[in-house]
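Colleague: The structure that follows is given in the form of structure tokens.
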Amino acid sequence: MGDFTDGIGFLESARDIVHKRDDLRSYTDQKKALVKKLEKDIASEEKDIENEIASTIKKKRGSIENDFDKKLNDKRSDVKKIEKNREKDKSEQVNKRVAEATKGYHEKNAGLEKELRNMFKNEGVPLWCAGSFYYTMFMPRGKEIFKKLLYIIFFAGAIPAGILLLLWGTAFKGMAHDKKMIFSVIIAVVWLILSIVIYFVIYVNTKVRYLDAIREGRKYRDAIKNNQTSVDKITSDINKDKDESLYDLGEYDEKLSKIDKSMNKLMDDKKDSLKHFDKKTKNEIEEDIRKKRQKKLDELISEKKKVEEELSESLQELSETETKVERISEKLGKEYCSSQKIDKLISVMESGAAETVSGAIAYLKINK
Numbered sequence: 267m268g269d270f271t272d273g274i275g276f277l278e279s280a281r282d283i284v285h286k287r288d289d290l291r292s293y294t295d296q297k298k299a300l301v302k303k304l305e306k307d308i309a310s311e312e313k314d315i316e317n318e319i320a321s322t323i324k325k326k327r328g329s330i331e332n333d334f335d336k337k338l339n340d341k342r343s344d345v346k347k348i349e350k351n352r353e354k355d356k357s358e359q360v361n362k363r364v365a366e367a368t369k370g371y372h373e374k375n376a377g378l379e380k381e382l383r384n385m386f387k388n389e390g391v392p393l394w395c396a397g398s399f400y401y402t403m404f405m406p407r408g409k410e411i412f413k414k415l416l417y418i419i420f421f422a423g424a425i426p427a428g429i430l431l432l433l434w435g436t437a438f439k440g441m442a443h444d445k446k447m448i449f450s451v452i453i454a455v456v457w458l459i460l461s462i463v464i465y466f467v468i469y470v471n472t473k474v475r476y477l478d479a480i481r482e483g484r485k486y487r488d489a490i491k492n493n494q495t496s497v498d499k500i501t502s503d504i505n506k507d508k509d510e511s512l513y514d515l516g517e518y519d520e521k522l523s524k525i526d527k528s529m530n531k532l533m534d535d536k537k538d539s540l541k542h543f544d545k546k547t548k549n550e551i552e553e554d555i556r557k558k559r560q561k562k563l564d565e566l567i568s569e570k571k572k573v574e575e576e577l578s579e580s581l582q583e584l585s586e587t588e589t590k591v592e593r594i595s596e597k598l599g600k601e602y603c604s605s606q607k608i609d610k611l612i613s614v615m616e617s618g619a620a621e622t623v624s625g626a627i628a629y630l631k632i633n634k
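The opening residue of the sequence shown carries number 267 in this note's numbering; numbering runs sequentially from there.
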């Protein structure tokens, strides 16, 4: 800092320049903040535009797909209804065909059942002995032997087990375990003995007593069984028959064929509509949205450009002002190159304590 004799006018000019620098700094900071805000607003607007384009395209495309899918689903529902009715009609015709094909065997079995019952009635044999269950239990053949074993297991095992399980949860509840076991064994043994006794009582009073009639009845039961086997085979063969020409199903097939063609056309139309949408409509939607929202975006871009120009001008002016402040600083020193310190120097000179700037600085140093 040099010794100079400038007066109060220099300080007032210096103060104005420092004030201007401070104002320009604040102004440029505001402009910089505004530029950043506008950049964010522009980015946000561009993102909103892209999101609107994407969501609108997705919605419009989805609407096309949904319209066609609804029509296709309606067609599929019609197909299910027709197929259900077709299957019902076919089932009725198959059953009718089975009934006609097995009619003779059913009539034969009805006749054999009647003859068997009449024969038993004439011989004094209880009519319930004519049933298949009796012959399974007392004169089994072939697969009936296996069925007899299952019946024995059921009567001798499953039934007593169920009874004991029920008793354990009711009458035996709270009873000592050993006592429960004893009663359970007794009940099981009694049930088994009772079953054996009943079986042999029936055996002696029916099979032994009417052995010849029972044997003759076996022949009837075998004949009935053979006829039933034929019925089962015929039924199975008819059900497995893939030839549907015997059934009047043409009306259903014609309807299904028409719906199938209609569905194929709908799928082709859907494909073409989506293709047209992707090639043309999508671009039109994008253009419309951009056109609608471009004005606001352009305004933001224009405002940003204007603010950037103002910022550039103010930065240039700030640079020039700071150069002037540096020159003032060379005279006053950095310590006194602020508006507050310059105001103090002016006050010193106005009070008459000093006549020059150098004197005012010296005064402040002494009177800190």
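Ideal placement from N, C-alpha and C gives every residue a C-beta, glycine not left out. Since the structure is predicted, the reported quantities are computational estimates derived from the model, not experimental observations.
Which class does Ser604 belong to by DSSP, given the choice of helix, strand or coil?
Modeller: For the purposes of this step, residue 604 is taken as the residue at position 338 of the sequence shown. Coil.
Colleague: So, do the region 379-392 and the region 473-489 have three or more beta carbon pairs nearer to each other than 8 Å?
Modeller: yes
Colleague: Measuring straight from C-alpha to C-alpha, what distance separates Gly273 and Ala619?
Modeller: Against the sequence shown, residue 273 aligns to sequence position 7. Against the sequence shown, residue 619 aligns to sequence position 353. Computed Cα separation, rounded: 13 Å.
Colleague: Quick check: the region 512-526 against the region 346-353, are at least 3 beta-carbon pairs closer than 8 Å?
Modeller: yes
Colleague: Let me confirm a value: Val455 is counted as buried when at least 16 other C-beta atoms fall within 10 Å, else exposed. Which label applies?
Modeller: The count along the sequence shown starts at 1 and reaches residue 455 at position 189. Its Cβ having fewer than 16 others within 10 Å, Val455 is exposed.
Colleague: Sorted by chain position, which residues of the same chain lie with C-beta nearer than 8 Å to Trp394's C-beta, five sequence neighbours on each side aside?
Modeller: Locating residue 394 in the sequence shown gives position 128, where the first residue counts as 1. Here the set comprises Tyr400.
Colleague: Using the beta-carbon count (16 or more within 10 Å), is Lys313 buried or exposed?
Modeller: By one-based count along the sequence shown, residue 313 stands at place 47. That one is exposed.
Colleague: Please list the terminal residues of the continuous alpha helix (DSSP H) segment that includes Gly423.
Modeller: Position 157 of the sequence shown holds residue 423. No alpha helix (DSSP H) contains Gly423, which DSSP labels as neither H nor E.
Colleague: So Leu522 is in the alpha helix (DSSP H); what residue range does that whole segment cover?
Modeller: Position 256 of the sequence shown, counted from the start, is the residue given in the question as residue 522. DSSP places Leu522 inside the alpha helix (DSSP H), whose first and last residues are Gly516 to His542.
Colleague: Kindly indicate which three-state DSSP category Met405 falls into: helix, strand or coil?
Modeller: Walking along the sequence shown from the start, residue 405 turns up at place 139. Three-state DSSP puts Met405 in coil, outside helix and strand.
Colleague: Is the beta carbon of Arg291 less than 9 Å from the beta carbon of Leu577?
Modeller: Your numbering for residue 291 matches position 25 in the sequence shown. Your numbering for residue 577 matches position 311 in the sequence shown. Result no, Cβ atoms of Arg291 and Leu577 do not sit closer than 9 Å.
Colleague: Taking 9 Å as the cut-off, decide whether the C-beta atoms of Trp434 and Lys446 are in contact.
Modeller: For this step, residue 434 is matched to residue 168 along the sequence shown. For this step, residue 446 is matched to residue 180 along the sequence shown. Contact flag set, yes.
Colleague: Kindly provide the ranges of any alpha helix (DSSP H) runs that are 4 or more residues long and lie completely inside the region 413-462, ordered along the chain.
Modeller: 425-435
Colleague: Is Met405 closer than 9 Å to Lys473 when the C-beta atoms are compared?
Modeller: Taking the sequence shown and counting its residues from 1, the one referred to as residue 473 is at position 207. Taking the sequence shown and counting its residues from 1, the one referred to as residue 405 is at position 139. In contact: Lys473 and Met405 (Cβ atoms closer than 9 Å).
Colleague: If you measure between the beta carbons of Asp340 and Tyr513, is that distance less than 9 Å?
Modeller: Taking the first residue of the sequence shown as position 1, residue 340 is located at position 74. Taking the first residue of the sequence shown as position 1, residue 513 is located at position 247. Going by C-beta atoms, Asp340 is not nearer than 9 Å to Tyr513.
Colleague: Do you know offhand how far Lys369's Cα is from Asp498's?
Modeller: Here residue 369 corresponds to residue number 103 of the sequence shown, with the count starting at 1. Here residue 498 corresponds to residue number 232 of the sequence shown, with the count starting at 1. The alpha-carbon atoms of Lys369 and Asp498 are separated by roughly 12 Å.
Colleague: Among Ile448, Arg342 and Ala442, whose alpha-carbon lies nearest the alpha-carbon of Asp526?
Modeller: Sequence index remark: in the sequence shown, residue 526 carries index 260 (1-based). Each of Ile448, Arg342 and Ala442 was checked against the Cα of Asp526, and the nearest Cα belongs to Arg342.
Colleague: Quick one: using the 10 Å Cβ neighbour count with 16 as the cut-off for buried, is Ala396 buried or exposed?
Modeller: Against the sequence shown, residue 396 aligns to sequence position 130. The residue is buried, with at least 16 neighbouring Cβ atoms inside 10 Å.
Colleague: Do you know whose CA, among Val364, Glu588 and Asn317, lies nearest Ile504's CA?
Modeller: The sequence position of residue 504 within the sequence shown is 238, counting from 1. The shortest Cα separation from Ile504 among Val364, Glu588 and Asn317 belongs to Val364.
Colleague: State the Cα-Cα distance for the pair Leu416 and Arg407, rounded to the nearest angstrom.
Modeller: Locating residue 416 in the sequence shown gives position 150, where the first residue counts as 1. Locating residue 407 in the sequence shown gives position 141, where the first residue counts as 1. Their Cα atoms are separated by approximately 14 Å.
Colleague: If I measure Cβ to Cβ from Ile551 and keep anything under 8 Å in the same chain, skipping five residues before and after, which residues do I get?
Modeller: Translated into the one-based positions of the sequence shown, residue 551 becomes position 285. Ile319, Thr322, Ile323 and Lys326.
Colleague: Can the beta-carbon of Leu277 be found closer than 9 Å to that of Ile632?
Modeller: In the sequence shown, the residue the question calls residue 277 occupies position 11. In the sequence shown, the residue the question calls residue 632 occupies position 366. Not a contact, by the Cβ cut-off of 9 Å.
Colleague: Output the distance between the C-alpha atoms of Tyr465 and Lys374, rounded to the nearest integer angstrom.
Modeller: To locate residue 465, count along the sequence shown from 1; it is residue 199. To locate residue 374, count along the sequence shown from 1; it is residue 108. Approximately 32 Å, taken between the alpha carbons.
Colleague: Quick check: what's the CA-CA separation for Gly377 versus Leu338?
Modeller: Translated into the one-based positions of the sequence shown, residue 377 becomes position 111. Translated into the one-based positions of the sequence shown, residue 338 becomes position 72. Approximately 56 Å, taken between the alpha carbons.
Colleague: Quick check on Val364: does DSSP put it in helix, strand or coil?
Modeller: Position 98 of the sequence shown holds residue 364. Three-state result, Val364: helix.
Colleague: To the nearest angstrom, report how far apart Lys545 and Glu553 are at their CA atoms.
Modeller: Taking the first residue of the sequence shown as 1, we reach residue 545 at position 279. Taking the first residue of the sequence shown as 1, we reach residue 553 at position 287. Rounded to the nearest angstrom, the two C-alpha atoms are 13 Å apart.
Colleague: Is it right to say Leu304 is buried, meaning 16 or more other beta carbons lie within 10 angstroms of its own, or is it exposed?
Modeller: Reading the sequence shown from its first residue, position 38 is the one you call residue 304. Answer is buried; the Cβ neighbour count reaches 16.
Colleague: Nearest to Asp478 by alpha carbon, out of Arg559, Ala422, Ser595 and Leu382?
Modeller: The count along the sequence shown starts at 1 and reaches residue 478 at position 212. The shortest Cα separation from Asp478 among Arg559, Ala422, Ser595 and Leu382 belongs to Leu382.
Colleague: Suppose you measure from the CA of Gln582 to the CA of Glu574; what does that come to, to the nearest Å?
Modeller: As a first step, residue 582 is located in the sequence shown; it is residue number 316 there, counting from the start. As a first step, residue 574 is located in the sequence shown; it is residue number 308 there, counting from the start. Roughly 12 Å between the two C-alpha positions.
Colleague: State the start and end residues of the unbroken alpha helix (DSSP H) segment that holds Gly625.
Modeller: Taking the first residue of the sequence shown as position 1, residue 625 is located at position 359. Start and end: Val623 to Ile632.
Colleague: Using the Cα positions of Asn332 and Val360, report the straight-line distance between them to the nearest angstrom.
Modeller: The residue you call residue 332 lines up with position 66 of the sequence shown. The residue you call residue 360 lines up with position 94 of the sequence shown. For Asn332 and Val360, the distance between alpha carbons rounds to 41 Å.
Colleague: Name the residue from Ile567, His542 and Pro426 whose alpha carbon lies nearest to the alpha carbon of Lys302.
Modeller: Residue mapping note: residue 302 aligns to position 36 of the sequence shown, counting from 1. Here the closest residue by C-alpha is Ile567.
Colleague: Measure the C-alpha to C-alpha separation of Val451 and Arg475 and round it to an integer number of angstroms.
Modeller: Locating residue 451 in the sequence shown gives position 185, where the first residue counts as 1. Locating residue 475 in the sequence shown gives position 209, where the first residue counts as 1. Spanning the two alpha carbons is a distance of roughly 34 Å.
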